[in-house]
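Structure record follows, encoded as structure tokens.
What follows is the structure, encoded as structure tokens:
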């Protein structure tokens, strides 16, 4: 995995990710259903605001994902931008001029809008940097569980019989293993890291997707257009990709957006269990976890918990609201 | 008995506002049967629902006009009065019997609920239910009353709907496309049944349909609606024999050119009924 | 009915086997029981004592199948473990040496005391709130409710627990901040706070879900029929909508019933409730293979039980469905 | 305003508001009444009622409340090795010898179950024997395993039984590997038992010879002065065979008996009264306890006023001990603040938050009369350097540079509130041979570190080809604190311009890596004294103790060091031994097989009603010396737990507002 550490590889991965996303959106917008949905969405103020918030997070996450070469290996763009903010010795309150100490309040090197953490790092910068972990976990996991779930769900719904039985067997088995065990065990095998976390969450997460798609496919297969396609002698692969896939794609999109927020929250819980983000990677989950003991400190250290929970809260809120808007946009009847 | 004056019904607010019914006037006398004819989206079902303010508000808005039932304005009635009116005075039979019956209650439950609400004096509800089921031509009604809707055929379900509507002894029966969802043979049976009942019970009826073919022998009068407006009105024979309006002619002739507007109209109808 | 049950049970056997195999591979093949031994015996343990420890628990046997000539094929770790579990002989914990039967038996009651009231209260509260929202149907209220629900959903559970415990128990001093007493009348005062936290943390998602369910029912044709009959709105909601919504609710809710016994990891840890919540997690971290294997076995049985229960409830609640 | 009256007032106000809706008003009033009654009757005391209200003499029954981070794993004296189990075991199961509670520099052993310290006899064969004599008349706790449930007298065969259990492979005694090298016949008996799969307790056991009802001799193959320390540990404390055989965890006559590991039968000042697994353990005073009394001397002048009145008093000084299991640290604070815990004696997490960065107790607690205690443990924590690593092993200067780059003091300031002591040498204070004045020549000095790094061939962290030196640092991953520490360590070394890759491992994996040498630098290494003897520390770098034989995780091999170690290991403490220790220390300091971090301190808070009596880290709590001022506690607890009323009002107003809103909305419709 040494090559993964190369600066250009990381930046290229980022670029590829965005390319893929853009391609998918363009591809989706070609269908009429998506176009109508977009028309609906444009009139949904709340949806647009949430989309903007998500965009803002994406920008911050991207800034932290762009890696630049530096004297000691590499730094991220965000780090470079915030390099002017000095590191203190330890805790300091928001906008304080002295360190957090009753007996020995030493003057600080600079002002920190949201204070500093135990190692004297600026809380605001840490909170922003943590966006990257959330986005990577959400993004990578989606890259794993969506194709897996969609493919298996489509096949189970389309071919039925033994394929359906096999897929159902596999997902029943995976679902019957306590999720937490799967996650922790996989993470123990793979070692800590954003990538391993995404793999673990992906392996447990595809079941719901497969179930959803299987159900919808079963419904779609009954429709005449599938019979027509079959009558025309189109290949199974073509029917799956050209006819069925576009018709379930909006479900995938909605599930992706709503699932994203779930993944961001899952990261926090995994951090509590000690299998969260690795050392050196800022994440909201670990910040919240670390603040457990800060809350009982005298004087109270509240800003780390507040900053990280608010950042997490806002992102999840925006995702959920946007997911709702999408649902309304695709199915105006249901979301009334 | 019932008269609509300048009734205007809008859907939605602001820019999305759509006028579904455009200031229509209509009256039905006691014991009279009126057929309200028009294609999907012409506002006929909306008019039918509006009689007892059944349309969900929002999105529906009763913008103008009044609905007078026995001299009382329905639009000014309180919740309690409306409840008494619905079912008790004006009863409904809807288009799709398979979804219009609550799937998790037995048919006894569903008919009894109506009787209990409007005829509290009835003691032996079960026999009353059986009586009405028998009246609409259900074979062996005593056995059928503990069935669930899904255990009945489409025609039987519609008969149950009719029984439910009749059970409250209403003065006006609104039958909204009562036969559209049924097989042609069953349609004929149901229509026969309704004709007979109308004669027996002497109640007024508003028959809402898109099909001129079924109104003969039932309706005394025909009202044709097109895009929220009444375009033609007259006795059944007159209109059938000598339609004035082009639209009526088209309807009677069942000419497929209508397809031109179909798409948009269907969408509107969809959003109203949904 | 009976035929259906039997068929289902047959379907369950390969799933349980698959689950056990998966756990075994995930947990045992990739990390040696030596890790457990080291954990238990401590930093100062010598390899000899580790070896002795492994031998005493049979962990030095071959993993999946015994291929050593002269020994029966089934004298392997997986087969013996599976054999024991199938006869419901759960064995003893690798770490504490306590019989697992005792661990599960003792932990189940406190867990249930926490989760069952929380489950019922949260179901009642969220159904009531959802019905209330559907009842008043006010645009402003709906918007606020949606926002609040999403907000409630977006807060990590930990934050609820930390804040809840800190504020309610520390500033208000009404209830014990910690502790548990299963017997007598003191149980409610210990449970009130964790139950309330559990309810609040799940409320957002539930209310939203149930509201959507009920709204969907509200749009059905038979609701129109009922209203055309003159049934009042409250009665429509409480009788027609509720009963139909219940059927959908069952699929969502009943499957989780058997898992109530597993308790809640965070709440149990923070409030000192000696339930089963953290049994699995500590077992994974230890790692305590005996506990993991037994709880996964019981867990998968419960999951399948939940599936079966859902089917049965579905059939009971919805006259359209008949098992066969 | 007490809650009941005030909520009644609120109920009246609410009723006035709700008059138009009598039904709602009635329901509200009912709910209110129920709530107010419940709140008034509710106490926030989480503890169960004490076992008794008053003692036999009518004085209040004194209960001490303490915290445990997890349930004890095993209370089998021959098995239990972790601090948590030992904290419960200590007051229940006495040892042959014990540490004098007030003497810590140096530590001192005094007889406990033994009448006097064992007598050392050198045998002509080269072996050594220890003659011991038990006090007469000491009784085991009353327990159903004895006839009529009355505890019998402790005799020499009980000690022999304990030694046999140490040897039994099924018992899995962790002390076996240390003792079998010295105690006669132990290794042989173990091997024999492993072959036959069962230990024969009827066979004569040559290592411990019973010479009378109360007397026995321990025979050693070679000199091993550390044996005395082992006699002060639970592994060698006498066990009644009846108890082990009685408590087999099986069903007898319809009731399941505990396993012996959960039902110790000892002789200590307390016995287990009630153990709710994973919740709490309650200990009750042993009414017939008379093995020891409160010591007459040993404490410093500053404690004279507190301790003099207690001298010679019968032990224990309280009637009941309630130990509650807390898996999270936050509740510990909450309960301590409310006065429901008398002291907090758990890990570093709990304390770091209550102490200001200037090593002082925060003002709020001072006002409450809470006292802070700091005690340095006889332990040393360090990072291990793998001497077999191709980069670090041959490059002494590089190791020195790394050591000089690590700011141990800053580490303590940030993570331990400056409470522990920076380790300058391997030996912790209190161990014979510890040099107070010694300074680590490669202690924190960044300038020096940079110079050393250049000398080592990596000027500014780059090697001759200009490539940045990269070193991996293995740590235990998990808690947030561990993560922070790892990040701190990383920052420290990266000051040199090198790159540090942090590898997180589960605890067991790290141990495995340490054992098989698959690491460069590893944190989490430390050694707590089993017994206060320098041999117990220096043996970490003895080359014959390479894993798997021992714990030389650094794989440090130095013939000179080995020679000196062999010489001093089994010596009695004397000037010559100290001199050898001096040389060994100098060798280690120069060679840097480890990066020294700290001597850990335990630190704790005590409430004003439960002052600290002893602070000997070799004791696990010393519960038998604990005292309690019952009246003061009752008083302060009541003061600290007042219930405010305003929240009820807020909630009520909210409810009323929602109600009114709904009714208005409906009316408008």
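Residue numbers (this note's numbering), protein chains in the order written: chain B, 379 to 714; chain P, 129 to 402; chain Y, 17 to 340; chain X, 22 to 690.
We put the CB at the ideal spot given by N, CA and C, even for glycine.
Chain-order list of residues whose beta-carbon lies under 7 Å from that of residue i (same chain, five-residue window excluded)
i	result
residue 531 of chain X	495, 497, 543 and 545
residue 177 of chain P	183
residue 81 of chain X	75 and 651
Residue interval of the beta strand (DSSP E) (run including residue i)
i	result
residue 150 of chain X	149–154
residue 49 of chain Y	Residue 49 of chain Y -> not in any beta strand (DSSP E); alpha helix (DSSP H) instead, spanning 49–57.
residue 406 of chain X	400–406
residue 620 of chain X	615–620
residue 397 of chain X	392–397
residue 220 of chain P	218–221
Span of the alpha helix (DSSP H) around residue i
i	result
residue 118 of chain X	Segment 118–125 is the beta strand (DSSP E) holding residue 118 of chain X; no alpha helix (DSSP H) there.
residue 320 of chain X	Element bounds for residue 320 of chain X: n/a, residue is neither H nor E.
residue 172 of chain P	172–178
residue 317 of chain P	312–329
When the options are compared against residue i, the one with the closest alpha-carbon
i	options	result
residue 326 of chain P	P:263, P:229, P:359 and P:197	P:263
residue 459 of chain X	X:183, X:443, X:658 and X:424	X:443
residue 65 of chain Y	X:155, X:177 and X:197	X:197
Exposure label - residue i; buried when at least 16 CB within 10 Å
i	result
residue 537 of chain X	exposed
residue 351 of chain X	buried
residue 328 of chain X	buried
residue 87 of chain Y	exposed
residue 179 of chain X	buried
residue 485 of chain X	exposed
residue 259 of chain X	buried
residue 309 of chain X	exposed
residue 143 of chain X	exposed
residue 251 of chain X	buried
residue 367 of chain X	Any answer about residue 367 of chain X is weak, because its pLDDT of 49 lies below 50 and its placement is not dependable; what the coordinates show is given next. The residue in question, residue 367 of chain X, is buried, as its Cβ has 16 or more Cβ neighbours within 10 Å.
residue 337 of chain Y	exposed
residue 421 of chain B	exposed
residue 409 of chain X	exposed
residue 554 of chain X	buried
Beta-carbon proximity list for residue i, same chain, < 6 Å, skipping 5 on both sides
i	result
residue 530 of chain B	545 and 588
residue 654 of chain X	630
residue 455 of chain X	448
Residues near residue i by beta carbon distance below 8 Å, same chain, minus five either side
i	result
residue 360 of chain X	628, 654, 657, 658, 661 and 662
residue 122 of chain Y	290
Stretch-stretch touch, CB-based, cutoff 8 Å, three pairs: the region 97–117 of chain X with the region 226–235 of chain Y | Not touching, per the Cβ criterion.
Quick check: the region 307–319 of chain Y against the region 244–260 of chain Y, are there 3 or more CB pairs under 8 Å?
-> No, the region 307–319 of chain Y is not in contact with the region 244–260 of chain Y.
Between the region 548–558 of chain B and the region 578–595 of chain B, do at least 3 Cβ pairs fall closer than 8 Å?
-> Verdict: yes, contact present.
Examine the Cβ distances between the region 254–268 of chain P and the region 209–216 of chain P and report whether three or more of them are shorter than 8 Å.
-> Contact annotation: the region 254–268 of chain P does not touch the region 209–216 of chain P, with fewer than three C-beta pairs closer than 8 Å.
Sufficient close CB pairs (3 or more, under 8 Å) joining the region 135–154 of chain X to the region 232–251 of chain X = The way I'd put it, the region 135–154 of chain X does touch the region 232–251 of chain X; three or more beta-carbon pairs between them come closer than 8 Å.
Touch test, the region 491–504 of chain B against the region 496–515 of chain X, Cβ-Cβ under 8 Å, three pairs minimum = Flag = yes, the region 491–504 of chain B and the region 496–515 of chain X touch.
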